[in-house]
Amino acid sequence: MGSGGLELPPGDEGHQGDSADVPPGAVSLARPMNAGAIGPELDWDSDAWHEVRTRAQRAGRAYIWLNLVEQRLRAVVAAVLRPVYEPVHGDDWVVAAAGPAGQEWVQRAVAVREVSRRKGYLLDPADDNVLSFLTLPQLRELMVQHWPCFEPYVDERRDVELALDELEVTRNVVSRNRALSEAVLNQAERASARLLEVLGAGSDVPSARRLPVDAVEDLVGDRYADVVAVHSDRVRLLRQFPAEDLFGSARRVDALGIGLNLLVQNFSGRRLLRMAEAGGRVRLLFLNPASSAIKRRERELGIKRGELSRAVEMNILHMRRVRARLRDPGAFEIQVFDETPRFTAYLVDGDGADGVAVVQSYLRRTRGMEAPVLVLRNGRNGGKVVKSDRIDEGGLFPTYREEFELMWADSRPVS
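For the sequence shown, position 252 matches number 252 in the UniProt record's numbering, and the numbering has no gaps at all.
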């Protein structure tokens, strides 16, 4: 007899579900399917797993940006409006600031706060306030309602509103765990970075003007020392980080390698000339095209004898012509080394906290254009938003900078 007073049909194995065997008033229950019959239908193939991982990666990146923006906007609203309303309304200053126009959503936030209190969801006492339960659109509404209070601190109201409009699509997609396209994610990242800049929370890492600081890098960058990007080859590096972005605003360039093609063939000699004339310094360290090391490299790559040495010699001659046009040749130095080349490195502003380095190791049968590339940011560990409790072991940037100086000291100048 079921709980509703209806008689259930017998469940013996011999019962075949014939309607003639079911007593009047009984409820017929569907027998469960064999688990083996539905197993294959529940499995995800490799394509499905790839898709959900891609979705999760994009949603995670978007969430970090949205989280940073929301925290920053909440702090700005509190800093501007709290001194206006709190002296009169006390802890209810957010309700008072919302006014009649925001009565509905602010009361909803108050109710959610009370529920969170009762259920123990408030893990941090600092979040036990109504402001912590307002969403981005509600924080925006507070800013719009009280714009004269924010105007002295924010130059353009339109910039703030446009950025928040662009973020609203991403916010809805992430909150409902739907698919986020790469285009929308890129738009959200640009809008977030722009909004944080407008609200006075731009990156304090000096090299950000050359290599923008990524939100994920800021939060978990300590896992990877000072490595901020890895590319499978130089083509992908230049697609994401053009030579103009790397060298365009440099005041100092130290480069070590076989032929230094990344600099010589992808950046204008006139630009290098202007950099040196403006007080900058360039030091280029090539592999000696007449050395036995370059002949070994030609054999490794399986190219004709003399082909690599001629290419390096042409690069050196080009840089010599650039140097010859300088009034102070000491600002543009060229030297060669005879040792076995181990890596190529471009250290931009490597003497300061805003340095960026591009490093490639030499592989036996792989040309430099096809070798993996590391991008390093000097002082990476000093700029984290979330600092690790682990002892700072330093990064790779100082290692390559020291190696360059040692190689430079042991090399010979090119006249």
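Note that beta-carbon positions come from the ideal geometry of N, C-alpha and C, so glycine has one too.
Since the model is a prediction, treat every value here as computed from it, not as a measurement.
Go ahead and label residue i buried or exposed: buried means 16 or more other beta carbons lie within 10 angstroms of its beta carbon, across all protein chains shown.
i, result
"Leu363", "exposed"
"Gly17", "Note that Gly17 scores 49 on pLDDT, short of 50, meaning its location in the model is unreliable; the coordinates nonetheless yield the value given after this. Under this definition Gly17 is an exposed residue."
"His318", "exposed"
"Leu180", "buried"
"Gly257", "buried"
"Gln175", "Note on identity: in this sequence residue 175 is Ser, with Gln being the wrong assignment. That one is exposed."
"residue 418", "Only positions 1 to 415 of the chain appear in this structure, which leaves residue 418 out of reach."
"Arg390", "Unreliable positioning characterises Arg390 in this predicted model, as indicated by a pLDDT of 42, which lies under 50. The coordinate reading is nonetheless provided below. With fewer than 16 other Cβ atoms within 10 Å, it is exposed."
"Arg58", "buried"
"Asp410", "exposed"
"Pro289", "buried"
"Val118", "The displayed chain sequence assigns Arg, not Val, to residue 118. Arg118 should be labelled exposed."
"Ala331", "buried"
"Gly352", "exposed"
"Ser46", "exposed"
"residue 458", "Any property of residue 458 remains undetermined from this structure, which presents the chain solely from 1 to 415."
"Val235", "exposed"
"Val88", "exposed"
"Val115", "exposed"
"Asn378", "buried"
In angstroms with no decimal places, state the Cα-to-Cα distance between residue i and residue j.
i, j, result
"Arg401", "Asp155", "41 Å"
"Trp65", "Ile316", "45 Å"
"residue 497", "Leu73", "Beyond the ends of the chain as shown, which are 1 and 415, falls residue 497; an answer cannot be given."
"Gln265", "Ala255", "13 Å"
"Val77", "Leu142", "8 Å"
"Arg270", "Glu197", "33 Å"
"Gly120", "Tyr224", "36 Å"
"Val95", "Gln107", "8 Å"
"Trp49", "Asp43", "10 Å"
"Asn129", "Asp354", "39 Å"
"Met314", "Ala229", "31 Å"
"Phe267", "Arg53", "38 Å"
"Arg323", "Gly302", "33 Å"
"Val84", "Ser132", "18 Å"
"Asp124", "Gln360", "45 Å"
"Glu51", "Ala126", "38 Å"
"Arg297", "Lys304", "11 Å"
"Gly350", "Pro152", "38 Å"
"Met407", "Arg55", "46 Å"
Specify the secondary structure class of residue i as computed by DSSP and reduced to three states.
i, result
"Pro413", "strand"
"Glu333", "strand"
"His146", "coil"
"Asp254", "strand"
"Gly395", "coil"
"Leu285", "strand"
"Val69", "helix"
"Glu339", "coil"
"Ala48", "helix"
"Gln265", "coil"
"Ala183", "helix"
"Met407", "helix"
"Ser291", "coil"
"Leu238", "helix"
"Pro152", "coil"
"Arg82", "helix"
"Asn172", "helix"
"residue 454", "Past the boundaries of the shown model lies residue 454; the chain is included only from 1 to 415, so the question cannot be answered."
"Thr135", "coil"
"Asn315", "helix"
From the DSSP secondary-structure annotation, give me the bridge partner or partners of residue i.
i, result
"Val358", "Tyr346, Val375"
"Thr366", "Leu363"
"His231", "Val373"
Indicate whether residue i and residue j have their beta-carbon atoms separated by less than 8 Å.
i, j, result
"Asp233", "Glu370", "yes"
"Leu262", "Phe337", "no"
"Glu168", "Gln187", "no"
"Leu376", "Phe397", "yes"
"Gly259", "Ala311", "yes"
"Val253", "Gln335", "no"
"Leu237", "Val358", "yes"
"Asp226", "Gly102", "no"
"Leu326", "Ala250", "no"
"Ala62", "Leu185", "yes"
"Ala293", "Glu339", "yes"
"Leu195", "Val69", "yes"
"Glu300", "Arg365", "yes"
"Gln145", "Gly99", "yes"
"Arg412", "Glu333", "no"
"Leu164", "Arg190", "no"
Tell me, please, whether the CB atom of residue i is closer than 8 Å to any CB atom in chain C?
i, result
"Arg234", "Given the protein chain composition of this structure (a single chain), no chain C is represented."
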